[in-house]
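Number of protein chains: 2
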Amino acid sequence: MSRPNLDNRERIITAANRLFYIKGYNQTSFADVANELEISKGNLHYHFRSKDDLLKAIISFRIDMVKGNLAKWEQAYPEPIDKLRRFVQMLINEEADIVRYGCPIGSLNMELGKFQLELRDLSRELFELFRRWLEKAFKQLGHKDSKALSLHLLTMAQGAALLTYVYADKKLLKAECNKIINWIEAL
Amino acid sequence: MSRPNLDNRERIITAANRLFYIKGYNQTSFADVANELEISKGNLHYHFRSKDDLLKAIISFRIDMVKGNLAKWEQAYPEPIDKLRRFVQMLINEEADIVRYGCPIGSLNMELGKFQLELRDLSRELFELFRRWLEKAFKQLGHKDSKALSLHLLTMAQGAALLTYVYADKKLLKAECNKIINWIEAL
DNA sequence: GTCTATAATACGATAGAC
DNA sequence: GTCTATCGTATTATAGAC
Chain S
1 MSRPNLDNRE
11 RIITAANRLF
21 YIKGYNQTSF
31 ADVANELEIS
41 KGNLHYHFRS
51 KDDLLKAIIS
61 FRIDMVKGNL
71 AKWEQAYPEP
81 IDKLRRFVQM
91 LINEEADIVR
101 YGCPIGSLNM
111 ELGKFQLELR
121 DLSRELFELF
131 RRWLEKAFKQ
141 LGHKDSKALS
151 LHLLTMAQGA
161 ALLTYVYADK
171 KLLKAECNKI
181 INWIEAL
Chain D
188 MSRPNLDNRE
198 RIITAANRLF
208 YIKGYNQTSF
218 ADVANELEIS
228 KGNLHYHFRS
238 KDDLLKAIIS
248 FRIDMVKGNL
258 AKWEQAYPEP
268 IDKLRRFVQM
278 LINEEADIVR
288 YGCPIGSLNM
298 ELGKFQLELR
308 DLSRELFELF
318 RRWLEKAFKQ
328 LGHKDSKALS
338 LHLLTMAQGA
348 ALLTYVYADK
358 KLLKAECNKI
368 INWIEAL
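Chain order of the listed sequences is S and D.
At position 85 of the first sequence (counting the first as 1) the number is 85 in the numbering used here, and the numbers step up by one without a gap.
Converting from the second sequence to the numbering used here requires adding 187 to each position, the first position being numbered 1.
This is the structure in structure tokens:
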């Protein structure tokens with residue numbers, strides 16, 4: 001591992017987060033996570049009593065990551081239009097992963113909604129963090145329908161990520177992101 | 188059942204198709220399907236040797252359904268712009284299911300891509316059927332970038348379905364469909 | 001074609017030694 | 001905190017009677 005000083009709990013979260021994204025939650029077993037880190041399943045159960053428990057920790061971990069990124073962007077991009085541009089840039093930056101595994105937030109929400117009804121609210125918060133931040137930027141640009149605009153931007157981003165993944169075509173992502181940027185600047 | 192004269196193979200396909208949509212493929216067991224139809228698991232295995240086999244049959248079943256619908260629309264809507272409108276209308280018609288379970292094509296592609304690499308081509312064909320049909324309509328309207336337009340329309344539709352599902356909000360679907368219709372008519 | 005019974009495996013979870 | 005060993009269960013799949 002690149003960060004050997006992490007304690008196991010953090011290492012488990014890091015590894016499980018990646019595996020849940022790449023393989024999906026249902027297709028990832030405790031054995032998979034344990035093998036990845038070369039620790040025992042019993043150790044895993046010491047840190048997380050159940051798989052449900054681990055999932056909750058992963059979602060919370062992702063929520064914290066998103067909050068952290070948004071806080072950085074808030075500092076780095078004072079202009080609201082640059083905030084919107086930065087959101088789209090995220091898709092470009094994550095191109096390689098999106099092509100192979102889709103959007104981590106969209107795919108998790110899709111998967112959980114079909115069986116984990118209690119966790120839908122928590123995973124939806126990943127969308128809401130971005131949406132509220134985007135809504136604020138639209139509002140600062142003087143738009144009255146800023147909430148609808150934020151939802152529309154998320155819609156286009158999710159659609160772009162899904163189609164890019166299905167067709168495994170990075171050109172598709174680039175083309176859709178250009179359309180989104182044009183839409184933002186034409187508003 | 189509403190159609191008691193169907194033989195078991197067809198009844199299995201109908202039931203499994205619905206369960207794979209509602210619960211997801213990985214969360215649907217042979218026992219689930221058998222219980223739904225009140226038949227034995229052994230009977231199920233007589234008609235489909237493996238779960239993989241059943242999945243292939245379901246995808247083929249869906250492909251045939253889409254082909255059938257497109258053939259009907261081809262007859263009913265000679266004007267290309269009406270073809271595009273009809274595609275969007277499909278989302279409105281399926282509102283209740285989309286709110287609860289998402290888009291059947293999008294969610295299946297998302298789920299399969301994460302572990303069933305061999306079946307990605309087959310499930311992608313569900314997108315391609317719609318895309319080629321839409322591309323033809325755009326072409327008839329005189330657009331040179333008809334392929335890009337077809338992909339963009341699919342992108343917006345998938346994004347709308349996903350957000351509608353995540354927020355469980357039918358108003359969101361309606362709003363996004365209106366935006367899509369406006370985009371089509373403004374082209 | 002449909003059933004019951006059962007094999008074989010994988011998984012989530014627990015107990016107890018260290 | 002980490003390990004090994006094991007339990008209980010669910011799941012896919014097969015065998016054989018009817």
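For glycine and all other residues, C-beta sits at the position ideal for the given N, C-alpha and C.
None of these values were measured; they are calculated from a predicted model.
> Which residue's Cα is closest to the Cα of P267 (chain D): D:N369, D:L321 and D:N365?
Replying inline: D:L321
>> Give me the chain S residues within the contact set of H232 (chain D), using Cβ-Cβ distance strictly less than 9 angstroms, ordered along the chain.
In response: Those do not exist, as H232 (chain D) stays about 22 angstroms from chain S at its closest Cβ, beyond 9 angstroms.
> Is F325 (chain D) near L341 (chain D), with beta carbons less than 8 angstroms apart?
Replying inline: no
> Going by C-alpha distance, which of S:H143, S:S123, S:L70 and S:R132 is nearest D52 (chain S)?
Replying inline: S:S123
> Can the beta-carbon of K228 (chain D) be found closer than 8 angstroms to that of F217 (chain D)?
Replying inline: yes
> Quick one: what's got a C-beta closer than 6 angstroms to L70 (chain S)'s C-beta in the same chain, skipping five residues either side?
Replying inline: W133
>> What does the alpha-carbon distance come out to for the pair I292 (chain D) and E125 (chain S)?
In response: 25 angstroms
> Starting from Y264 (chain D) and walking both ways along the alpha helix (DSSP H), at which residues does that stretch end?
Replying inline: First-last for Y264 (chain D): undefined, no H or E at that position.
> Leaving out the 5 sequence neighbours to the left and right, which residues in its chain are closer than 8 angstroms to R330 (chain D) when beta-carbon positions are compared?
Replying inline: A small fix is needed here, since residue 330 (chain D) is His in this sequence, not Arg. Excluding positions up to five away in sequence, the list reads L336 and L374.
> Can you tell me whether DSSP reads Y25 (chain S) as helix, strand or coil?
Replying inline: coil
>> Let's see if you can read the secondary structure: which residues bound the alpha helix (DSSP H) around I367 (chain D)?
In response: K357 to A373
> What in chain D is Cβ-close to N17 (chain S), meaning under 7 angstroms?
Replying inline: Those do not exist, as N17 (chain S) stays about 15 angstroms from chain D at its closest Cβ, beyond 7 angstroms.
> In whole angstroms, what separates the C-alpha of R273 (chain D) from that of Q262 (chain D)?
Replying inline: 12 angstroms
>> Just to confirm my understanding: we take R307 (chain D), look at its own chain, exclude 5 residues before and 5 after, and list those with CB closer than 8 angstroms. What are they?
In response: N296, L299 and G300
> What's the call for G289 (chain D), buried or exposed, on a 16-neighbour Cβ count within 10 Å?
Replying inline: buried
>> DSSP three-state label for N5 (chain S), please.
In response: Confidence at N5 (chain S) is low in this model, with a pLDDT of 45, below 50, so its placement is unreliable and the value that follows should be read with caution. Coil.
> In the stretch 95 to 142 of chain S, which residue ranges form an unbroken alpha helix (DSSP H) of at least 4 residues, counting only runs that do not cross its ends?
Replying inline: 95 to 101, 104 to 113 and 120 to 140
>> Between which two residues does the alpha helix (DSSP H) holding E225 (chain D) run?
In response: Unbroken run through E225 (chain D): none, as it is neither H nor E.
> CA-CA distance, A161 (chain S) and D194 (chain D)?
Replying inline: 41 angstroms
> Taking the alpha helix (DSSP H) that S146 (chain S) falls in, what are its first and last residues?
Replying inline: S146 to Y167
>> Please list, in chain order, the chain D residues whose beta carbon lies closer than 8 angstroms to that of H143 (chain S).
In response: Result: empty, since nearest Cβ-Cβ is about 15 angstroms, beyond 8 angstroms.
> Where does M156 (chain S) land, buried or exposed, given buried means 16+ other C-beta within 10 angstroms?
Replying inline: buried
> So which residues of chain D does Q158 (chain S) contact, with C-beta pairs closer than 8 angstroms?
Replying inline: Q345, G346, L349 and L350
> Going by beta carbon distance, what residues of the same chain come within less than 6 angstroms of T215 (chain D), once the five residues before and after it are set aside?
Replying inline: L206 and F207
> Would M297 (chain D) count as contacting chain S if we go by Cβ distances under 8 angstroms?
Replying inline: yes
>> Here's the rule I'm using: 16 or more other beta-carbon atoms within 10 Å means buried, otherwise exposed. How should P4 (chain S) be labelled?
In response: Only weak support is given to the placement of P4 (chain S): the predicted model assigns it a pLDDT of 45, under 50, and the question is left unresolved by the model.
>> Quick check: what's the CA-CA separation for L359 (chain D) versus K147 (chain S)?
In response: 11 angstroms
>> Just to confirm before moving on: does the CB-CB distance between E182 (chain D) and K357 (chain D) stay below 8 angstroms?
In response: No answer is possible for residue 182 (chain D): it lies beyond the span of chain D, which begins at 188 and ends at 374.
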